[in-house]
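Engineer: Structure below; questions to follow.
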């Protein structure tokens, strides 16, 4: 189970870093997506920083639960924006990282 959990953790960290990096780089696709969702582009930076901070905190055992919670919140915020654009399928698919992060929080708590 530990190998699977660490594999999922690595995947979530990479996804969060990629998503946060795209937001901090002000990628045109991210700006267009935020505009379509009716959210100010100002929120690209705080959400991007939260996603990167969550990924960084998740790497260390001592801050892993907080990092996973921050990543879950970032993925959930993105999912809610996807749902607000009317893309239900992609919104539902985007909830998978949220569920995985919450599952890993539970695993970390049981392991401690």
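Residue numbers (the numbering used here): 147 to 258. A virtual CB, placed ideally from N, CA and C, is assigned to each residue, including glycine. Please read all numbers here as calculations on a predicted model, not as lab measurements.
1) Would residue 247 and residue 214 qualify as a contact pair, given that the criterion is a beta-carbon distance under 7 Å?
2) Starting from the Cα of residue 179, find the closest Cα among 210, 258 and 224 and give me that residue.
3) Going along the chain, which residues of its own chain have a beta-carbon closer than 7 Å to the beta-carbon of residue 217, five neighbours each way excluded?
4) Relative to the C-alpha of residue 193, which residue among 227, 210 and 208 is closest?
5) Quick check: what's the CA-CA separation for residue 236 versus residue 151?
6) Measure the C-alpha to C-alpha separation of residue 176 and residue 243 and round it to an integer number of angstroms.
Structural biologist: To lay it out plainly:
1) As a position in the chain shown, residue 247 is number 101, starting the count at 1. As a position in the chain shown, residue 214 is number 68, starting the count at 1. Yes, Cβ-Cβ distance for residue 247 and residue 214 is below 7 Å.
2) Mapped onto the chain shown, residue 179 falls at position 33. Minimum Cα distance to residue 179 is reached at 224.
3) The residue labelled residue 217 in the question sits at position 71 within the chain shown. The answer, listed in chain order, is 158, 162, 197, 200, 201, 204 and 247.
4) For this step, residue 193 is matched to residue 47 along the chain shown. Among 227, 210 and 208, the Cα nearest to that of residue 193 belongs to 227.
5) Start at 1 with the first residue of the chain shown, and residue 236 comes out as number 90. Start at 1 with the first residue of the chain shown, and residue 151 comes out as number 5. Residue 236 and residue 151: Cα-Cα distance of roughly 24 Å.
6) Translated into the one-based positions of the chain shown, residue 176 becomes position 30. Translated into the one-based positions of the chain shown, residue 243 becomes position 97. The alpha-carbon atoms of residue 176 and residue 243 are separated by roughly 19 Å.
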